[in-house]
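Residue numbers (the numbering used here): 260 to 555.
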């Protein structure tokens, strides 16, 4: 690696510096820039977000590695915040698939991934009827991911959906086994009580991520509450995406109903706000300078 810190190291540094580290979902490159302007130190690409936002499909294991990599590249090309990426079950049944996923994520500039213990035909973590693989198969996924790293600072996070399927003790056992296999952090999905996070932190002795997603099984705990439970990372995977979709619905409805956007114009990002967010004027100045040189 170069002397400049790698994305993985920047992610680790962010986790160490903020308690808990707020990690916000950025559905695209523009949202990544908005998150950076708002002061966040790490961002997230949701698998369900890629499915719904980029493909218009449900989060049921339909997306593939290349679908996710396309959005990863677009985000990391313009934003240097460390990016945590949802890689579902690893995008394939074998260790070779998991290894390819890890190597590709590092190559495309991601800082971290989380890989889960659901079966290949997975479901959203906050939906019923989830099925999980054996603990040994999940351990094998983690070992394959760890062995495939070309950058030791790249973060491998193990997500377990076992709480809703087999109960708390089974989820704790899986988390501990994943840490023993080389995982750096643990993502226990669909937690229903704040005290459970503290139990994970005490038993696993590794950074714990809390998924604070809306309309799911987990209450919308505050960062203060999460800190009291020894949570290291607070994830908001689709908060801005949901708000964006609702805003778009309202604009479309108003246009169709009123024949004009005048009644919703005050809810829109202005042209100048957009230009500031994407650094438009710096690009324009470079273009002007180039044309001036050609005319000279």
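Just so it is clear, CB atoms sit at the ideal spot from N, CA and C, and this is done for glycine as well.
Query                                                                                                                                                                  : Result
Three or more beta-carbon pairs under 8 Å between the stretch 406-417 and the stretch 354-371, yes or no?                                                              : yes
Since residue 419 sits in a beta bridge, which residues does DSSP pair it with?                                                                                        : 447
From residue 479 to residue 372, what distance separates their C-alpha atoms?                                                                                          : 23 Å
Measuring only the C-alpha atoms, how far is residue 348 from residue 510?                                                                                             : 37 Å
Starting from residue 399 and walking both ways along the alpha helix (DSSP H), at which residues does that stretch end?                                               : 394-407
Just to confirm before moving on: does the CB-CB distance between residue 447 and residue 456 stay below 9 Å?                                                          : yes
Which stretch, first to last residue, makes up the alpha helix (DSSP H) that contains residue 336?                                                                     : 324-337
Measure how close the beta-carbons of residue 376 and residue 440 come, nearest whole angstrom, since I'm counting them as under 8 Å.                                  : Their Cβ separation, rounded to whole angstroms, is 12 Å, which puts residue 376 and residue 440 out of contact at 8 Å.
Can you find the residues in the same chain that come closer than 7 Å, C-beta to C-beta, to residue 393, ignoring five residues on each side of it along the sequence? : none
From which residue to which residue does the beta strand (DSSP E) around residue 293 run?                                                                              : Not the beta strand (DSSP E): residue 293 falls in the alpha helix (DSSP H), residues 288-296.
Which whole runs of the alpha helix (DSSP H) in the stretch 436-501 are 4 residues long or more, in chain order?                                                       : 453-463, 482-487
How close, in whole Å, do the beta carbons of residue 289 and residue 537 come, if the pair is a contact with beta carbons under 8 Å?                                  : 7 Å
Check each candidate in 295, 330, 414, 278 and name the one with the smallest Cα separation from residue 311.                                                          : 330
Measuring CB to CB, does residue 340 end up less than 9 Å from residue 291?                                                                                            : yes
Around the C-beta of residue 528, are 16 or more other C-beta atoms found within 10 angstroms, so that it is buried, or is it exposed?                                 : exposed
What residues are listed by DSSP as bridge partners for residue 375?                                                                                                   : 418
Cβ of residue 424 within 9 Å of Cβ of residue 374?                                                                                                                     : no
Going by C-alpha distance, which of 353, 514, 490, 495 is nearest residue 283?                                                                                         : 495
Whose C-alpha, out of 301, 397, 273, 415, is nearest the C-alpha of residue 378?                                                                                       : 397
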